[in-house]
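Shown next, in structure tokens, is the structure this report addresses.
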Amino acid sequence: MAPRLQLEYFDGRSARPQRAEIQLQDGQLQLACGLQHHQYPLGSVRWPERQRHGQRQALLPDGGVLSCADAARWDDWARASGLRDSLTVRWMQNWRLVGTALAMLLAVLLLAWRWGLPLATEAALRWLPPALEQQIGGQALAQLESHWLRPSELPPAEQDALRQRFATLVKQAHPPGQAPAYQLHFRAASTALGPNAFALPGGAIVLTDALVQLMRDRPEAVLGVLAHELGHVRQRHGLRLAVQASLVSAAAGLVVGDFSALLAGVPALLTQQAYSRDFEREADAEARRCLLAAGISPRVMLDFFERLAQQRQHAASLPIAFSSHPADTERKRFFSEPP
Amino acid sequence: MSNNNDRNAADSTLGNLSGWPHSQYRKRKLDVAFTGSGSEYFRIWIVNLLLSLVTLGLYLPFAKARRLSYFYSNTLIDGQALGFHGDPWKMLRGFLLLAVLTLAYGFAARFSPLSAMAAFALLCGLWPALWRAGLQFRLANTSWRGLRLGFTGSSAGAYAALLPLYVPALLMVAGQFLFAPERPDPRAPMPLLLGLSMAASFLLMLLMLPWGVARIKRYQHGGYVYADQQTELTVPTRRFYGLGLKALLLTLLPLALLGALAAIAVAVYKPLLFWMMLALPLAYLLYFALITPYVSARLQNLVWNGTASELLQLQSDLPARPLAWLTLKNWLLTALTLGLYRPFAAVHTARMRLQAMSLMVEGDLDGWVARQSVAQDDAAGDAAGDFFGIDMGL
Chain A
1 MAPRLQLEYF
11 DGRSARPQRA
21 EIQLQDGQLQ
31 LACGLQHHQY
41 PLGSVRWPER
51 QRHGQRQALL
61 PDGGVLSCAD
71 AARWDDWARA
81 SGLRDSLTVR
91 WMQNWRLVGT
101 ALAMLLAVLL
111 LAWRWGLPLA
121 TEAALRWLPP
131 ALEQQIGGQA
141 LAQLESHWLR
151 PSELPPAEQD
161 ALRQRFATLV
171 KQAHPPGQAP
181 AYQLHFRAAS
191 TALGPNAFAL
201 PGGAIVLTDA
211 LVQLMRDRPE
221 AVLGVLAHEL
231 GHVRQRHGLR
241 LAVQASLVSA
251 AAGLVVGDFS
261 ALLAGVPALL
271 TQQAYSRDFE
281 READAEARRC
291 LLAAGISPRV
301 MLDFFERLAQ
311 QRQHAASLPI
321 AFSSHPADTE
331 RKRFFSEPP
Chain B
1001 MSNNNDRNAA
1011 DSTLGNLSGW
1021 PHSQYRKRKL
1031 DVAFTGSGSE
1041 YFRIWIVNLL
1051 LSLVTLGLYL
1061 PFAKARRLSY
1071 FYSNTLIDGQ
1081 ALGFHGDPWK
1091 MLRGFLLLAV
1101 LTLAYGFAAR
1111 FSPLSAMAAF
1121 ALLCGLWPAL
1131 WRAGLQFRLA
1141 NTSWRGLRLG
1151 FTGSSAGAYA
1161 ALLPLYVPAL
1171 LMVAGQFLFA
1181 PERPDPRAPM
1191 PLLLGLSMAA
1201 SFLLMLLMLP
1211 WGVARIKRYQ
1221 HGGYVYADQQ
1231 TELTVPTRRF
1241 YGLGLKALLL
1251 TLLPLALLGA
1261 LAAIAVAVYK
1271 PLLFWMMLAL
1281 PLAYLLYFAL
1291 ITPYVSARLQ
1301 NLVWNGTASE
1311 LLQLQSDLPA
1321 RPLAWLTLKN
1331 WLLTALTLGL
1341 YRPFAAVHTA
1351 RMRLQAMSLM
1361 VEGDLDGWVA
1371 RQSVAQDDAA
1381 GDAAGDFFGI
1391 DMGL
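Residue numbers (my numbering), protein chains in the order written: chain A, 1 to 339; chain B, 1001 to 1394.
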């Protein structure tokens, strides 16, 4: 004798609840309601998922609804009738398995961050047309010029000399035809930027007058800085960061997305910082390689770091952009290592 | 209204001995209860999240169907739970369609200004239709007492409802097009006409926003159907302006106060500026954690209290202050637990919002019958609604 369950039945056409009795027999759901009798194949019914709270509703293919306010009674009947919970439901109802899911979730996130994200970025970079990169870089430069940069006040002869020396260094450090395309821009900057250089997507390298003036007696160090920026250009770090940022914020949106856009932005920012530290190390390695290839000792960079540190002490500026660079001591050690 | 009068007239002529049970003529208040639990939703959420991540998002529609089923089966109106009938496989189709559209849009927007404009225009053209489809899908797949709800708003109505929000945006684009110089010189000040047209469009947008919200809500709440009852929103537009004005004052007052304080502090002791700069993001966060729930609580009350059909009257009595505190607590705990508190926050918010609602019903629900069987096959709209964060307010 198959177990029976009394519950409320709505026929889908009227809002009136009717007392009904159900049981499973011959692979069918048998529904008896007053003088009416219906049967439905088990597979055509949408069964409720077991949970601690809430009512149980089974949705019938003809629009009818079976409703059981006493969830425990339904669960007992379902178990006795041989209705099995789905794998997902059993998973969700077990705290230990949920703990495992949480651990797996963290592992997946970690794997994605360590390998998945760089791989996905790599794939995306291969897809993106170079024109796009040029355009993003051009926009970024226009943006910077409207707020932070003015035309350079350096004598043209000094600019040309640096341009020449850097071109030679690039030629020496790369096999013919292998050097990345770059455009060197000399610009005067507001004091907030100070002695600085940066690379933009598409190959634009911006060098501030303050940096050239700071290292006027050691132009080799300026070449080292430019080689560092060329490293960024070669690895397409600018675009890489932009692509990664969009991927991370998409993933973060999945986790905390509809809750708050602000919260979703935090992980994106944090990963950005960590990744850009890795990028700085890569660019440093490129600078060191170029300097050695041009017959310049990488130790010229030590003077640069020291003067930069002094400069920073004098100007009590907010430490905004520096967290994205590795610590000075680490970089000094790297450039003072014997070749 | 005329029904009431007729009935009263009939009652008095028959000396109140009509033979009908008296209760049938009385209005009855149906309470809404929410029985969901944070810890249970946490377990559902974790497993859903893991499956969504592992399948690169393909599981999302299934996760959403489960989430809705959970919240629906725990939402009891007069002791009867809501039912969710949406087919996750259909929702997957809509989800994929939208993913493709969004990706294409994102790509076009980055490629060239012209293709970005074209994509934006296309999205603007499609969006109202998707929005309406989302409302139709969600309502048609929601049942109470075995009867499906429905949404009868027309496509033309959706476009008309959203039009006021498009007008200032269009003006802004036109201003750019007409007055922006061919080759912008970043150091030159913005051309006067361009600046004026931008400011005018922005002001217009601000002025039109309450009207726009009123139109949107009127469209939404004028299309809900249950049995033979069709709802209508009868809130005058000026009350939306009242709410907008309050929100604006609540924004400007602290801002002015903060500015004045900063000016005094800097005049007295200059290094204080540094600390104020640090505190600024916190103040920003605090502001949003408090003002957003305030506005949304007031809006929920305004809109639902004005929603009624011939025999149904919806009511909402959501207090703004407790909702603001709850939201602040949710934000803090979610941030502290790196997002793990989110399912608890969702359950607590749903409880507060839902239990503030109730229904006044005239007559006997048992006699109500479905107007027609409502079937809606296209789930694309539903995914669109979720994707772009359009919520139905409940």
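Built from N, CA and C at the ideal position, the CB exists for glycine as well.
Check                                                                                                                                                                        : Outcome
Mind checking which residues open and close the alpha helix (DSSP H) that includes B:K1322?                                                                                  : A small correction: the amino acid at residue 1322 of chain B is Pro; Lys does not occupy that position in the sequence shown. Per DSSP, B:P1322 belongs to the alpha helix (DSSP H) from A1320 to L1336.
For B:L1105 and A:P118, I'd like the C-alpha separation in whole angstroms.                                                                                                  : A small fix is needed here, since residue 1105 of chain B is Tyr in this sequence, not Leu. Their Cα atoms are separated by approximately 24 Å.
Could you tell me which whole alpha helix (DSSP H) segments of length 4 or greater appear in the region 73-110 of chain A?                                                   : 87-92
So is B:E1040 in contact with chain A if we call contact Cβ pairs under 7 Å?                                                                                                 : yes
Could you check how far apart the C-beta atoms of B:W1045 and B:P1343 are, in whole angstroms? I think they sit under 8 Å.                                                   : 4 Å
Rounded to whole angstroms, what's the CA-CA distance from B:L1323 to B:G1244? Just pull it up for me.                                                                       : 19 Å
Report the partner residues of B:G1150 according to the DSSP bridge assignment.                                                                                              : B:V1225
With H, G and I counted as helix, E and B as strand and the rest as coil, what does DSSP make of A:L248?                                                                     : Note on residue identity: the sequence assigns Val, not Leu, to residue 248 of chain A. Three-state result, A:V248: helix.
Could you name the residues that DSSP lists as bridge partners for A:Q36?                                                                                                    : A:C33
Measure from the alpha carbon of B:L1286 to the alpha carbon of each residue in B:I1264, B:L1165, B:L1076 and B:W1331, then state which is nearest.                          : B:W1331
Is it true that the region 70-90 of chain A meets the region 1093-1100 of chain B, where meeting means three or more beta-carbon pairs spaced less than 8 Å apart?           : no
Under the assumption that B:L1326 contacts B:A1356 (Cβ atoms under 8 Å), give the Cβ distance between them as a whole number of angstroms.                                   : With a Cβ gap of about 12 Å, B:L1326 and B:A1356 do not count as contacting.
At the level of alpha carbons, what is the spacing between A:G257 and A:Q159?                                                                                                : Any reading at A:G257 must be qualified, since the residue scores a pLDDT of 48, below 50, and its modelled position is unreliable; the value itself is stated next. Roughly 49 Å separates the two Cα atoms.
Would B:G1083 count as contacting chain A if we go by Cβ distances under 7 Å?                                                                                                : yes
Looking at the unbroken alpha helix (DSSP H) that takes in B:Y1294, where does it start and where does it end?                                                               : L1272 to N1305
Given this structure, state the Cα-to-Cα distance separating B:S1002 from B:A1174, to the nearest angstrom.                                                                  : Residue placement at B:S1002 is poorly supported in this model, since its pLDDT is 41, which falls under 50; the coordinates are not used for a value here.
To be precise: take each residue of the region 28-57 of chain A, compare its Cβ to all Cβ atoms of chain B, and keep it if any distance is under 9 Å. Which residues remain? : R46, P48, E49, Q51, R52, H53, G54, Q55, R56 and Q57
Going by Cα to Cα distance, which pick from A:R73, A:L59, A:G63 and A:A72 is closest to B:S1069?                                                                             : A:L59
Let me make sure I understand the geometry here. Which of A:L226, A:S190 and A:L193 has the alpha-carbon closest to that of A:V300?                                          : A:L226
Using 7 Å as the threshold, is the C-beta distance between A:D217 and A:S152 below it?                                                                                       : no
Between the region 1077-1086 of chain B and the region 1046-1053 of chain B, do at least 3 Cβ pairs fall closer than 8 Å?                                                    : no
Can you give me the C-alpha to C-alpha distance between B:W1131 and B:A1263, rounded to a whole angstrom?                                                                    : 46 Å
Since B:M1357 is in the alpha helix (DSSP H), which residue starts that stretch and which ends it?                                                                           : Not the alpha helix (DSSP H): B:M1357 falls in the beta strand (DSSP E), residues M1357 to E1362.
Which residue from B:A1065, B:L1258 and B:T1334 puts its Cα closest to that of B:L1280?                                                                                      : B:L1258
Quick one: list the residues of chain B neighbouring A:L105, beta-carbon separation under 8 Å, in chain order.                                                               : I1046, L1049, L1050 and L1053
Where A:R281 and A:A120 are concerned, what is the direct C-alpha to C-alpha distance, given to the nearest angstrom?                                                        : 21 Å
Is the CB-CB distance between B:P1128 and B:L1162 below 7 Å?                                                                                                                 : yes
Evaluate contact between the region 55-74 of chain A and the region 105-112 of chain A, counting only Cβ atoms and requiring at least three cross-stretch pairs below 8 Å.   : no
Enumerate in chain order the residues of its own chain whose CB-to-CB distance from B:G1150 is below 7 Å, with the five nearest sequence positions on each side excluded.    : L1139, A1140, V1225 and V1374
What is the residue span of the alpha helix (DSSP H) that A:G224 lies within?                                                                                                : P219 to R234
Helix or strand or just coil, what does DSSP make of A:R16?                                                                                                                  : coil
Quick check: is the beta carbon of A:G238 nearer than 7 Å to any beta carbon in chain B?                                                                                     : no
For B:T1441, which of helix, strand or coil comes out of DSSP?                                                                                                               : What is shown of chain B runs 1001 to 1394, which leaves residue 1441 of chain B out entirely.
Does B:G1083 come out as helix, strand or coil in the three-state DSSP assignment?                                                                                           : strand
Is A:E280 helix, strand or coil when you go by DSSP?                                                                                                                         : helix
Any beta carbon from chain A within less than 7 Å of B:T1102's own beta carbon?                                                                                              : no
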